[in-house]
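Enquirer: Below is the structure I would like to discuss, written out as structure tokens.
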Amino acid sequence: MEASNLQAAGTGPKMGAMRGFKPGRILLDGVLLLLSFLMLTPFLWIFSTSLRLPKDSFSLPPAIFPTAWHIGNYAEVFAKVPFFDFISNSMKICLIIVLGHIFISSMAAFAFSRIDFPGRNALFLIFLSGLMIPGQVTIIPQFILMSKLGLVDTHLALILPGLINPFGIFMIRQTMMSISSAYDEAAYMDGASRIWVFLKVILPMSYPAVAVTSVISFIGHWNDFFRPLIFLNSFEKMTLPIGMTALTGAFGTGNLSAILAGVTLSLIVPLLFYIFGQKYLLDGITAGGLKM
1 MEASNLQAAG TGPKMGAMRG FKPGRILLDG VLLLLSFLML TPFLWIFSTS LRLPKDSFSL
61 PPAIFPTAWH IGNYAEVFAK VPFFDFISNS MKICLIIVLG HIFISSMAAF AFSRIDFPGR
121 NALFLIFLSG LMIPGQVTII PQFILMSKLG LVDTHLALIL PGLINPFGIF MIRQTMMSIS
181 SAYDEAAYMD GASRIWVFLK VILPMSYPAV AVTSVISFIG HWNDFFRPLI FLNSFEKMTL
241 PIGMTALTGA FGTGNLSAIL AGVTLSLIVP LLFYIFGQKY LLDGITAGGL KM
């Protein structure tokens, strides 16, 4: 009897391990690993080429790692263009847009989700229809408006249109809609004002959605090439994506390795922004998936 129990105890974990073995899961993990590698390959090539000698930038067959490491490409970036000025311009524009965008979007989302007024849903649908309009369609009216306001070739021409985005309002509103109204009622019974309920109760519970909106907004405006190209004329006011094109023009040598060194440096800020907001970003995406 004891022997049979020992045998069963010895084989139990093995049988459990066999039952836990799922070939489909291993195949899925392998596919995801392959896709991850394919997505990281361009970044690996950019970083690798930024450390090559200029004559090796177009070597065939292409090598994964440089045969000779050359960090002088990074020094050339700082020597040829005012890189820190471009970084400062982009940071100022993006941070102001993100803060203003979150402030306006969260207030609008609170109104659309917690305040019952006539035509609320119809107005929200009309406002949400702005997502179906491509940005290129509105660029000419925006330019005419900014020109009449005297804001062309200023950073305000980029900041003001970026403060309002239907996607941010939609994202935060959906999260606020999932919060029980019991929190509002309890706060109102304690004598809280509507603005207090918004700032102290509803907004803190919507931080995951706010984080998702912040990261998407920051990265989107950081990488924006089209609107700065239209609105900015002065070299010293240019954002990083526009300013880096100087490396291929009259201010640079056309050195591909130096250009990709600048690209590598420009990736650092959005990468850090994503890393610090990753926890809230994943929480927001997970919460959104659970609500669906």
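Be aware that the sequence shown starts at 1, since it is given in the UniProt record's numbering, and climbs by one per residue. Here a beta-carbon is modelled for each residue, glycine too, at the ideal position from N, C-alpha and C.
(1) Does the region 221–236 come into contact with the region 79–96, if we say contact requires no fewer than three beta-carbon pairs (one atom in each stretch) closer than 8 Å?
(2) Quick one: what's got a C-beta closer than 6 Å to W69's C-beta in the same chain, skipping five residues either side?
(3) Can you give the Cα-Cα distance for I268 and D85, rounded to whole angstroms?
(4) Helix, strand or coil: how does DSSP classify L60 here?
(5) How would you label E236, buried or exposed, when you count the other beta carbons within 10 angstroms and need 16 or more for buried?
(6) Closest by CA to I242, which one among F43, P66, P82 and M39?
(7) Would you call the region 270–277 and the region 198–216 touching, i.e. three or more CB-CB distances under 8 Å?
(8) With respect to the alpha helix (DSSP H) encompassing N121, which residues constitute its N-terminal and C-terminal limits?
(9) Whose C-beta lies closer than 8 Å to the C-beta of M1 among residues of the same chain, with five residues either side of it excluded?
(10) Which residues bound the alpha helix (DSSP H) around I104?
(11) Quick check on DSSP: helix, strand or coil for V269?
(12) Could you tell me if L260 is buried or exposed, where buried requires 16 or more neighbouring beta carbons within 10 angstroms of its beta carbon?
(13) Give the straight-line distance between the Cα atoms of V31 and Q142, rounded to the nearest whole angstrom.
(14) Return helix, strand or coil for A8, following the three-state DSSP convention.
(15) From N233, D184 and V201, pick the residue whose C-alpha is nearest to that of T154; which is it?
Expert: This is what the structure holds:
(1) yes
(2) L51
(3) 16 Å
(4) coil
(5) exposed
(6) P82
(7) yes
(8) R120 to L128
(9) Residue placement at M1 cannot be trusted, given a pLDDT of 48 that sits under 50; what the coordinates show is reported in the next sentence. For M1, where only same-chain residues beyond five positions count, there are no Cβ hits under 8 Å.
(10) F83 to R114
(11) helix
(12) buried
(13) 45 Å
(14) Model confidence at A8 stands at a pLDDT of 49, short of 50, so the residue's coordinates are unreliable; what they give is reported in the following sentence. Residue state, collapsed to three classes: helix.
(15) N233
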